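Heads up: the sequence shown begins at 1 in full-length UniProt numbering, then just goes up one per residue.
Where a beta carbon is used, it is the ideal one built from N, C-alpha and C, also for glycine.
Please read all numbers here as calculations on a predicted model, not as lab measurements.
Contents: one structure, followed by commentary.
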Amino acid sequence: MTTIKVNGKDAGLDGVPVHTTVLDWLRDRGLTGAKEGCAEGECGACSVLVARPGIDTPTQWTAINACLLPAASLDGQEIITSEGLGKSTALHPVQQEMAVRGGSQCGFCTPGFVCSMAAEYYRPDRTATTAEADRTADADRTAAADGACAHEHGPNGFDLHALSGNLCRCTGYRPIRDAAYALGE
Ligand code: FES
Ligand code: FES
């Protein structure tokens with residue numbers, strides 16, 4: 001029997017055709033937060049979180065493009081969708097910051113952004129102090145001046161590169177960046 005855990009509940013994968021994507025499988029089950037934008041790994045609208053348990057390290061949550069992956073390939077693994085973040089009585093911190101900072105307008109991209117942002121929010125070593133982040137920013141600026149690839153980090157250690165796979169047609173990105181940088185440790 002092949003199973004997968006979705007938002008804390010076990011679900012069977014027996015009989016699911018091998019070509020069925022995680023995105024189609026989730027949406028057929030009523031989990032319609034993840035959207036199909038491009039269906040080819042370009043837009044991030046379909047992003048969900050997959051657990052990557054470590055042996056000596058904490059579980060790492062990775063955002064994946066659900067439109068590209070066959071559901072059957074996640075046998076025995078665990079998924080969190082945008083519906084599984086937060087509680088019925090309270091938004092997840094990522095959802096909260098996106099809401100109060102205007103990071104969502106039409107909302108089509110929002111579940112995907114929320115999942116990518118949550119993956120970075122939970123990154124075990126995202127604990128940079130403001131001073132460390134400032135040093136990182138200085139190093140990034142130096143690297144950028146040298147023509148090297150540089151990632152922009154927020155004062156909370158948030159690596160903006162974590163959102164590079166998500167596209168938004170509405171917000172202009174600044175409110176989304178502000179939401180990411182406002183997240184606590
Ligand atoms: Fe999956 Fe666009 S729908 S990346
Ligand atoms: Fe409309 Fe992002 S809020 S595409």
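Write down the C-beta distance between residue i and residue j rounded to the nearest angstrom, noting that I regard them as a contact closer than 8 Å.
i, j, result
"L23", "A11", "L23 to A11, Cβ: 15 Å. No contact."
"G107", "Q95", "Not quite, the Cβ-Cβ distance comes to about 12 Å (not below 8 Å), so this is no contact."
"A179", "E120", "Their Cβ separation, rounded to whole angstroms, is 12 Å, which puts A179 and E120 out of contact at 8 Å."
"Q105", "C170", "4 Å"
"I4", "L74", "5 Å"
Taking the CB atoms as reference points, tell me whether residue i and residue j lie closer together than 8 Å.
i, j, result
"C115", "L49", "yes"
"E83", "L31", "yes"
"H151", "L163", "no"
"residue 207", "L183", "Outside the shown range of the chain (1 to 185) lies residue 207, about which nothing can therefore be said."
"G154", "Y181", "yes"
"T81", "V6", "yes"
Between the options, which has its C-alpha nearest residue i's C-alpha?
i, options, result
"I64", "I55, G76, G44", "G44"
"V18", "G103, A182, A72", "A72"
"E40", "A66, W25, G15", "A66"
Applying the criterion that 16 or more other CB atoms from any shown protein chain within 10 Å of the CB defines a buried residue, is residue i buried or exposed?
i, result
"P175", "buried"
"residue 190", "Given a span of 1 to 185 for the chain in the structure shown, any question on residue 190 remains unanswerable."
Self-check item: Closer than 5 Å: residues whose CB approaches a heavy atom of ligand 2
Solution: Qualifying residues come out as Q105, C106, F108, C109, C168, R169, C170.
Quiz item: Residues near ligand 4, CB to any non-hydrogen atom under 6 Å, in chain order?
Solution: Looking for ligand 4 in the displayed structure turns up nothing; the ligands present are ligand 1 and ligand 2.
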